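Undergrad: Residue numbers (full-length UniProt numbering), protein chains in the order written: chain G, 1 to 115; chain Y, 1 to 500; chain C, 1 to 768; chain W, 1 to 90; chain A, 1 to 130; chain B, 1 to 144; chain S, 1 to 157.
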Ligand code: NA
Ligand code: NA
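Listed below in structure tokens is the structure:
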């Protein structure tokens, strides 16, 4: 399964980069979404994927009956998802405001700040 | 009791309280002052603790490393926290005088506190993923501060800033994931210890390089720095100064942390890359500045070139070089903040950052002129200011390591830095203020609150002079930091103490 | 000693207060300090004459071997005396010259700081603290040259001076660090006493070049000489002090100081002789092409500096004696002449000597002492300048290399300065009276004091040669490693070759002087040619290229196009990481075909591919958003299928809320327009594929490897008993790694504050 | 429980997901895409249910509850967007 | 026996979902596709939940299953209503085979107001009085 | 026009919203043992309010909530921070979980703990943050 | 009344979901539901009387599930066969339901019943516009809609 996911994540990264390279700021944001999803899946994949063994302990037990999936990467990903959500929410509003102020969603028309 | 958590908790609490007191700007101002003062106080205490104990470790939640998150402050961390405290207080003071009410009403102070929290968190944490979290806290606080005000330039700058930094975050996160896959732990000391046992270092190098790229972007190293000149000149000056002083240094700090304590397995490979990066960063930054004619843009490009010096210290990887790098960081944070704050005063009095429109300050405000000259010459490495010793140590380390090319570059860049600083000096201070264009009325200079701004600038300039005239104690701190970094076993043992 | 050196800085700090209190007497008041210092330094003379060097050390930065240590021997003491002595008169003089100037207090501040720095340079025993003072002289001189700061010319000249000297300074810094590293000590006295034979060290050549670069730029040697005449934009007291008597001699001082340690190398001798000789000749030649009094003096100063450097290079006993004598003579007459030049422009309102004439009757005292000083400059007996010149010829005749060339250059230089001396002494004061912008009077006492005393000393020392011989020249020669007891100065050595050379010079000089005015136009052409092709043009070309390269680099790198930034970032990542991966891990890297173990997972993977690709190619904005919804569900399903229910829930919730936010925000944005050309798209696709391939390879490489068991096993084990929670992921989030979560909620809060402010600040702006 | 049955169920659900995705991509109008997305969320509920019983992990049903309770908000959001007069070309 | 029940429910649920998907892929216009997705999707999910509840055969599973069914029945039609209405309002074209449209005339595109008047030509013919 | 003028949606929202809120509290409280927790619960609760907002408009949603979401945010952050310090009272390192078992009328015991306080902080922050954003956006939309 | 009703329902739901039947839990559920409902109170016109509705509800449920199946099969049949048998159209259906809840419930159940889909209610709440898939016989359609509405109202009133 990890092998398959390796390819999928690769495609996601590629798509993310491609989207971020578009001149439309809206595509940029979608690229960012893809990027964070891809990074999360990368962690999930590299940590090893296991079916049917969520890291839950049955009621009354002290430990899971069988070996469970590694909970730590899951916690990391969860944190990363929420952080990405916050960042994304901000970015979305940012591009909205940028569009309002600049009057275009073309990134190539947003280079006044550089030389 | 370990004080390691306080540099995070104090600004976090100040930030949360500021949000709670959203409706009262007066309360927020009071919290801003109190919060940063306490942060400075706490950082001094922490420095004392580190000084006397060597390492200050705190296992959050009582979970022994590497089970939970362990905060681990060594001398480098303590230095960085102290600088955060100093800069934070200076920025708070400056902000009290300079921040327009419309910014104050819309979250300026909470954002400032939380930015400081993110920065301090990055410095004290001993956990690689926790570092990521603090990076993000810092990052999104900076996003918000960058866009506060909503002007066109800010938006345009922010989009680049946000995108390129998020790319960096994604690489950082991926690298953490892969690293966890390899060694199954997130605690830096634990990682370092385990990597020490790995024989097949090929993949470790790959991860190291990924971290290098991620932190290189944050540190604005060549060729990853674009976001910085695109954005740093756009927000309020206080914000610029905070960014200029602290943000990129978090990237540099992380490079120092990772490429001494954690990735010291194949220095010949990793640090050679860093050496090239250092040289090119110094050069391209300073050349960028030479092409600029706007106060803050010049300063922004110089951040990049100065980052090169710090990376050079790391890349040479001799004790003296590391000392130089650390010393350089200390010096640079203070000096660069001061310079940006000075630009704030000139902006305040003229409403422009364009060199061609500025002028006459030497005659009108000799005090300000001195306050500019001190950090400016310091930045250019002129004696007997802090920058001179910083540069001297790095150069000396370069010569002792016989790294002729980078040393030559470092020297040349010093000259070009001086050129830029003198350019500003001549245009903003010496030159008579040009007459306004026909019909364009200069805004009346607003002088209320100027006192706060001067207090901040003067304090920082005093630090520069202090480091310059009395560099030995500062050097001693850097030396301890370098020793700890070059012999990471002490750090590892302190963190993993009590583990089988 | 420390107080002596630093007192200048301290006085500088309170100079504004002193000015405010003592008003027009400020110059006199402040001059008390250098006068006192002079006396104090003079008190060291007997000791130095008797038993040589003395080192006084104060700790400063021991870790870097930086001491505030001071070496007092003949050489440093002579310089210290010159600096404090001439400094005294300069301060007094400035009081008159700048009387009523609004910035006079600032002038005193910087001037005093400069003087202190200069004392630091010549007295420091520590290489680094020497360099500190060295750079301080550059900075203060920058501020002094640009004193008239609203004049663009002054600013430009100041920059030029600073740029050239600072460039040299940086080289010097490298050189000094090398020196310290080689000898293992940064104490000058240790370096001089070191057993290490410097010239045999592999670093010697770079070391030498660095040191020479520093000294040559500071002392205005060809080809770095051009900044010095331009520095005449400074007020005259500055020129008199910095650009004649002191700062420019810092380079000379350091060369002399290091000559015992480095002078044994052939390269040293060759370079110093050659550059010194050339500078000497060029300075003299350029002097006669100028009519401005200060410019003329400036070039003659360059001539003198060249002479001194050449003498150091020659390095024989005669050369050392000549060096010391010439240096003293030069400081005296040049200081005097500069101050006189200042008097002239102060009184007449012009700097051009050719516009003056017949002033002797109006300003008799000035005229007399001008003649005295000029005679010394022209090396006429019995003035000290003559003695110096004779000794110089003597030394040149004994030069170990380039002998013939140096003789020609020396004679030429002699001619030049004689003409210059004639011009400065005769043109303004004698001949027909010519009208000048201001009506001249005799200068006030404050301004006359300096020229009178210095010119008198030129005469006095020439007549009483035993004074300089025993008090100054002897000790200097000692500290240069020579034998003091062989030093004998005298006016008359009989008719010998040097005397004949002097005579020859005089004849040619008289000829040129007679035709000086008529020669001017053709000289002007030469001057112009020099301006167009000379080193100064080179400086401007360098500055222009610097700007051009800088703006080119900025155009290429920081060009504002986000796509380029991102491509650079991505490709940097790909190349550096990919290279590392393939070179370090390539042999074990496998690229397998995924197994068909879970058909359903396969179809989810397919869904993800479809939605990713669709989002990339669709022109429907909300179609792309909707396909991100599919992506979100697919990722959630992956999480759910592979044992991460919490992640699945979170992913779905976040995806839903993201979609909501997107539709709340997007609806005023325009649809996608195809903005990029097919070529750009092709490029972007290639970049994207690179990125994707890299990540795939990374994952493939990483999944194969696991060096250690994850620590989470312990978290699983302790979750229920110790943390009282059965959902291990949640336990990690709120207990084991609660700090992460704490940071994370602040991220959310920040995002909320950011969004809130971005929107409402704008709304409020629109309302008002 | 028969593995074949699960395979069949998974296959049908996978196909269903796939067809819905095709509709989502094809559009042609935004409401068409939203309908497809809405269906996908229903199918996801089904998938989770099947997977829960397949692996015997009851807790997975909680995920399904959340999907059933919340996922439709996206559709409401889209609908609102359309009514507000967002660009029709989508 | 129980396995059989489970299999039947799961298979039929999956089949309805499959049909729903096929429906939205095949059917010619927005409203008809919504018919397919709303009902068949909901029914499919319910059937699968029944299978799940039987499979787990415990109270917790029943509670959850019931909750899921309830929530689906609450949310699906609302979403459908919202989308359908929105689609109709912005004039998503109807299939050519649509035989009747009583809404179009009563809807004011400008004010978004929706009248209740029926078309004049057939006053109250096939409607029972309330 | 900010609220949807559809009667069906409005009425349904009245049914669904309490259900969602309740469910969110449920997810919050048992998150330590089963899938759920502060984030997830907070997201669900935000979803509930968003549904209400979509149906009734931002003004109604504000008055329903009674407190400004920004204050929820602040409360959440302060709760989160507050959970860090009780450990100090018993001399444990910061953030060490503290558990209190309170006997309840009716025989049960109430398990209170700092992780729970923390999770509540997370919950409030998530709700506050999302609603702050959504309200601001909707407000801007309706003002425009 | 409706407040209490919801309160109890929610409290039970709470107990069911937590799976713990302790008294404390019921009380907790009651308290939580109380707050949830209390929050809603201002927006809900009170509903009265629901005691006799249980048997009617069961009858309705059976009827509804039957409808659901039959009509779903009908749609499914049309979907899988290549030719379209359907005759879709939009009709205005005059509502008997009066209150918001009645209308909403009717509309939603109509939506869930295959072949019909509620699009919108007229502004004066008298007419429900319905998209129907099979309108070969409009009268029969209206009759079945009416039947459905009658049964729903029976449960509600
Ligand atoms: Na692995
Ligand atoms: Na059909």
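We put the CB at the ideal spot given by N, CA and C, even for glycine.
None of these values were measured; they are calculated from a predicted model.
Does the CB of residue 85(G) have a neighbour CB from chain Y at under 9 Å?
TA: no
Undergrad: Hey, is residue 80(W)'s beta-carbon within less than 9 Å of any beta-carbon in chain B?
TA: yes
Undergrad: Would you list the residues sitting across from residue 59(Y) in a DSSP beta bridge?
TA: DSSP lists 70(Y) as the beta-bridge partner residues of residue 59(Y).
Undergrad: Excluding five sequence neighbours on each side, which residues of the same chain lie with their C-beta closer than 8 Å to the C-beta of residue 95(G)?
TA: 25, 26, 28, 29, 105
Undergrad: Within the UniProt domain "MrpA C-terminal/MbhD" (606 to 670) of chain C, note down every full alpha helix (DSSP H) run reaching 4 residues or more, in order along the chain.
TA: 621 to 641, 645 to 666
Undergrad: Rank 199(C), 378(C), 330(C), 428(C) by C-alpha distance to the C-alpha of residue 343(C) and give the top, closest one.
TA: Relative to the Cα of residue 343(C), the nearest Cα in the group 199(C), 378(C), 330(C), 428(C) belongs to 428(C).
Undergrad: In angstroms with no decimal places, state the Cα-to-Cα distance between residue 301(C) and residue 217(C).
TA: Answer to the nearest angstrom: the Cα atoms are 14 Å apart.
Undergrad: Under a Cβ-count criterion, where at least 16 other Cβ atoms within 10 Å of its own Cβ denotes burial, should residue 225(C) be classed as buried or exposed?
TA: buried
Undergrad: My parser needs the beta strand (DSSP E) runs of 3 or more residues fully inside the region 51 to 116 of chain C; what are they?
TA: 54 to 61, 66 to 72
Undergrad: Quick test of the definition: if touching needs 3 or more C-beta pairs under 8 Å, does the region 111 to 125 of chain Y touch the region 718 to 728 of chain C?
TA: With a cut-off of 8 Å, the region 718 to 728 of chain C and the region 111 to 125 of chain Y do not count as touching, because too few Cβ pairs lie within range.
Undergrad: Going by DSSP in three states, residue 50(S) sits in which element: helix, strand or coil?
TA: With a pLDDT of only 38 at residue 50(S), under 50, the local geometry of the prediction cannot be trusted, and the value read off the model is given with reservation. Three-state result, residue 50(S): coil.
Undergrad: What are the complete alpha helix (DSSP H) segments, minimum 4 residues, inside the region 24 to 90 of chain G?
TA: 25 to 46
Undergrad: Report all residues from its chain with a CB closer than 7 Å to the CB of residue 502(Y); omit the five preceding and five following residues, and keep chain order.
TA: Any question about residue 502(Y) goes unanswered here, given that chain Y covers just 1 to 500.
Undergrad: For the alpha helix (DSSP H) that contains residue 241(Y), what are its first and last residues?
TA: DSSP places residue 241(Y) in the uninterrupted alpha helix (DSSP H) bounded by 237 to 242.
Undergrad: I need the DSSP call for residue 111(G), collapsed to helix, strand or coil.
TA: coil
Undergrad: Any contact between the region 511 to 527 of chain C and the region 400 to 412 of chain C? By contact I mean 3 or more CB pairs, one from each, below 8 Å.
TA: no
Undergrad: Does any residue of chain B have a CB that is nearer than 9 Å to the CB of residue 84(S)?
TA: No, its Cβ sits nowhere closer than 9 Å to a Cβ of chain B.
Undergrad: Around the C-beta of residue 432(C), are 16 or more other C-beta atoms found within 10 angstroms, so that it is buried, or is it exposed?
TA: Note on residue 432(C): under 16 other CB atoms within 10 angstroms of its CB, so exposed under the neighbour-count rule.
Undergrad: Three-state secondary structure (DSSP) at residue 496(C)?
TA: Correct three-state label for residue 496(C): coil.
Undergrad: Which residues bound the beta strand (DSSP E) around residue 100(B)?
TA: Residue 100(B): member of the beta strand (DSSP E) spanning 99 to 103, first to last residue.
Undergrad: Quick check: what's the CA-CA separation for residue 109(S) versus residue 186(Y)?
TA: For residue 109(S) and residue 186(Y), the distance between alpha carbons rounds to 53 Å.
Undergrad: Report the rounded CA-to-CA distance for residue 6(B) versus residue 156(S), giving the unit in angstroms.
TA: So the alpha carbons of these two residues sit roughly 21 Å apart.
Undergrad: Closer than 9 Å, CB to CB, is residue 36(B) near chain W or not?
TA: yes
Undergrad: Answer with yes or no whether the minimum CB distance from residue 113(S) to chain A is below 9 Å.
TA: yes
Undergrad: Please list, in chain order, the chain W residues whose beta carbon lies closer than 8 Å to that of residue 645(C).
TA: Residues of chain W passing the Cβ test: 57, 59, 60, 62, 63.
Undergrad: Which residues in chain F sit within 7 Å of residue 49(W), going by Cβ to Cβ distance?
TA: Within the model displayed, chain F is absent; protein chains G, Y, C, W, A, B and S are what it includes.
Undergrad: Which term fits residue 184(Y), buried or exposed, when burial requires 16 or more other beta carbons within 10 angstroms of its beta carbon?
TA: buried
Undergrad: Given residue 38(W), which residues of its chain have a CB within under 7 Å of its CB, disregarding the five upstream and five downstream residues?
TA: 72, 75
Undergrad: Is the CB-CB distance between residue 563(C) and residue 41(G) below 9 Å?
TA: No, the pair does not count as a contact, with Cβ atoms beyond the cut-off.
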